[in-house]
Amino acid sequence: MKKLISLLLICLGSLWAFAQSEVELTIQLFTPDLIGQVTVDQEPFITWMGTVTNTIEANLKEEEGDKEVIVVVSVHRDKAPSISVGARPKLSKGGMKKLTDALANLAEQHTKFTDYSFAVMAKVNKGCDQELEFEPAISYPQKTEMEAFKKLEPADKIKEISIWMKEEVIPIVAYYENRAEDQFEGVRSMGEILKQQKYLKARVEDLTENNPDYWRATMEMSQGNQIIPFTKACMYLADGAFDKANHLLFVIRFFSDNESLPALFLDEISAKMEVVNDEITSAINQGIALHDQGKYKEAVSHYNKLLKVFPNSAWLNYEHYFSGAAQMKDEDKQNDAWTASKKVIYTCDPLYPVNVRASTGKEGYLLFRRQEINSLFKKKEDLKSDFVKYADIALELEDYGFAAQLYWLILSYFAKEDYDNRNILAHYLYCLDKLGDTESVKNFKGDFPEEFAKVEAERRRVMEESPTYKAFGKPE
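Numbering (this note's numbering), first residue to last: 14 to 489.
This is the structure we're talking about:
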């Protein structure tokens, strides 16, 4: 794409001798090449871009005075291109209408997956050397899309994210995974899963952490390219499992090269997820306010309505339980309600940092470890040690898939002294063994049954030395 754009820019250098005004054009691509080369057919698209620039140039030749003009074009998959034109000083009324009409009447171009956006910047004669605003104000694609997203109803926001994943992001991820060399069987296997949309019918966990090919793919990727855990996060987003996706997206950001495919999508995903999370928080806080006023039935009714929109929110499910239990005078009924509710809550988020009761040392220790998650990643200097602690907590809470993901990253990126020379490979393979993967361990040398026993002994020692564990008279 870059080479073709360069050729196009060279062609734009010529000026018409008979024109009233001189026009100098430059192009800025908003869509990264890694995405652009998948979402458009390059040769016809470049030809069409040439038509766009020629149209802009021809119309601005007739514009008098010194001006600066920007034309922002967004090409879509299923509708006509969006075009925004702004100038400083503003174009003549007739000139603006003629230019916008000419651009609107061009033959439509469409993308295969996600939008493709670019800007054509025109310097008319001497340009503009004044600090003026563009008139009318230019609509930039990312800002326009976010404004439209914010206006959606909560349920429609969730649906929009799911569709975005299924129809735009995941097909691009699948494209690159399927292009991997034959020797990278794990990566290609994940690409096939996406291509065949198996995630629409199967549990994400069964396609990823419970699938040895997922871990093979994880180990096949080079440093800085987190496309495999990103694949899992995208499937979670498509399924509306935002809590689980957020854990992965948080980690992926720390270990992704800026030019890798996941990194190119992370900002937009994070922006949309922030909007959704803010709405969930605001809605739950309304229920908490009712609860604090002693209006437990009203709070439960409020949460029931929210659960129809946000069924996979661990926090919402917890507050629903909490207000329901507040109406129960029988402690046994409260305990039964928690036993049922925690299955739902921990399915939404295995690392949800709250537990209701602990009657043994082990339960107390695990409750403490859940709560400890909230204290992580507060200080930059503790970043590496916090990742190690995060992995250990995930292991202890039996979220083996997430723990394995973290241990592999720790093993790949951190120096041995960052994790006190522990056998992190054994921790990683221990988690895979717990997930039923007996194949990956064959790629490594060592007496891993013995090492696995050491991992278990180490975690037990840490637990038994914990003041929280010792505070309970009943250990197990």
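Beta carbons: idealized from backbone N, C-alpha and C, even for Gly.
N- and C-terminal bounds of the beta strand (DSSP E) containing residue i
i     : result
LYS80 : 80 to 88
GLU37 : 36 to 42
Own chain residues within Cβ distance below 6 Å of residue i, not counting five before or after
i      : result
PRO488 : GLY374
MET476 : TYR378, TYR482
ILE183 : LEU207, CYS247
PRO480 : none
TYR443 : PHE465, VAL468
TYR249 : VAL217, LYS257, ALA258
GLU471 : none
SER130 : PHE43, THR44, SER87, PRO154
LEU22  : Residue placement at LEU22 is poorly supported in this model, since its pLDDT is 47, which falls under 50; the coordinates still yield a value, given next. Nothing meets the Cβ criterion.
ASN434 : none
LEU448 : GLU222, ASN223, TYR413
Per-residue burial, residue i [other beta carbons within 10 Å of its own, 16 or more giving buried]
i      : result
VAL170 : Here the sequence assigns Lys to residue 170, which means Val is not the residue at that position. So LYS170 ends up on the buried side.
SER372 : exposed
GLU222 : buried
ALA407 : buried
PRO149 : exposed
THR66  : buried
SER97  : buried
SER326 : buried
PHE255 : buried
LYS455 : exposed
LEU279 : buried
Spatial neighbours of residue i in its chain, beta-carbon cut-off 7 Å, leaving aside the 5 residues before and after
i      : result
PRO275 : GLN239, ILE240, PHE243, ILE265, SER269
GLU76  : SER34, LEU104, SER105, GLY108, VAL137
LEU47  : LEU274, LEU277
LYS208 : ALA187, ASN191
PRO366 : ARG383, GLN384, ILE386, ASN387
PHE400 : LEU419, ILE423
GLU173 : PHE162, LEU165
ILE151 : ILE83, VAL85, SER97, GLY99
Residue i - partner residues in DSSP beta bridges
i      : result
SER95  : SER87
MET134 : THR39, ILE83
TYR316 : DSSP lists no partner for TYR316.
ARG101 : GLU81
GLU311 : DSSP, once it has assigned bridges, lists no residue as partnering GLU311.
TYR129 : VAL88
GLU148 : ALA100
N- and C-terminal bounds of the alpha helix (DSSP H) containing residue i
i      : result
THR294 : 274 to 305
SER354 : 344 to 361
ILE206 : 198 to 208
ASN330 : 327 to 338
GLU190 : 183 to 191
PRO366 : No alpha helix (DSSP H) holds PRO366; DSSP gives it neither H nor E.
ASP476 : Strictly speaking, residue 476 in this sequence is Met, with Asp absent from that position. Start and end: 461 to 477.
CYS247 : 240 to 251
ALA71  : 55 to 73
LEU12  : Outside the displayed range of the chain (14 to 489) lies residue 12, so it cannot be described from this structure.
SER175 : 167 to 177
HIS123 : Where HIS123 is concerned, there is no enclosing alpha helix (DSSP H), given that its DSSP letter is neither H nor E.
VAL449 : Just to set this straight, residue 449 is Gly in the shown sequence, not Val. Premise fails: GLY449 is in no alpha helix (DSSP H) and is neither H nor E.
LYS528 : Limits of the chain in this structure are 14 at one end and 489 at the other, which puts residue 528 out of reach.
GLN155 : 154 to 163
C-beta contact flag for residue i and residue j at 9 Å
i      : j      : result
LEU379 : TYR403 : no
LEU119 : THR68  : yes
PRO167 : GLU292 : yes
ALA230 : PHE263 : no
GLN122 : PRO94  : yes
GLU194 : ARG90  : no
LEU329 : TYR316 : yes
CYS141 : ARG201 : no
PRO363 : PHE415 : yes
VAL561 : VAL51  : Since the first and last residues shown for the chain are 14 and 489, residue 561 lies out of range.
ALA135 : VAL84  : yes
ALA350 : TYR334 : yes
ASP431 : LYS391 : no
SER347 : ALA353 : The question names Ser, yet the displayed sequence has Gln at residue 347. Not closer than 9 Å, so no.
LEU303 : ALA312 : yes
ASP252 : SER175 : yes
Close Cβ partners of residue i (< 8 Å) along its chain, the five nearest in sequence each way excluded
i      : result
ALA484 : GLY374, GLY377
GLY185 : Checking the displayed sequence, the identity of residue 185 turns out to be Ile instead of Gly. These residues qualify, in order along the chain: ILE48, VAL51, THR52, PHE126, THR127, LEU274.
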